[in-house]
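Encoded as structure tokens, the structure appears first; notes follow it.
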Amino acid sequence: MNKKQAMVQGLKTLGLGLILLLISTYLLNFAFINKSVLPLYMVLPLGIIGVAATIYTLFRGIKKIVSVFFDR
Numbered sequence: 002m003n004k005k006q007a008m009v010q011g012l013k014t015l016g017l018g019l020i021l022l023l024i025s026t027y028l029l030n031f032a033f034i035n036k037s038v039l040p041l042y043m044v045l046p047l048g049i050i051g052v053a054a055t056i057y058t059l060f061r062g063i064k065k066i067v068s069v070f071f072d073r
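Just so you know, we're using my numbering here: the sequence shown kicks off at 2 and counts up by one.
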């Protein structure tokens, strides 16, 4: 894989991380607003898993982009 392809793949990963960031934020907000309803217990774990996936995806994308610039 050349540097251009690695850079594009890193940017795609960051784009996926941005989408996950928006979705997981919405899920957490929805879970904390509706505390008295049953879906809280179904939506809250999804939001927490989404936040963990967001952090992992964003760091992986940043690592790919940084490796393009600083690897020899």
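All residues carry an ideal CB built from backbone N, CA and C; glycine is no exception.
Remember, it's a predicted structure, so these values are computed and weren't measured experimentally.
Taking every protein chain shown into account, the CB of residue 12 has fewer than 16 other CB atoms within 10 angstroms, so this residue is exposed. Around the CB of residue 25, 16 or more other CB atoms lie within 10 Å, so the residue is classed as buried. With respect to the 7 angstroms criterion, residue 15 and residue 48 are not classified as neighbours on the basis of their beta carbons.
No Cβ-Cβ contact shorter than 7 angstroms links residue 23 with residue 32. In this structure residue 44 does not touch residue 59 by the C-beta definition: roughly 22 angstroms separates them, more than the 8 angstroms allowed.
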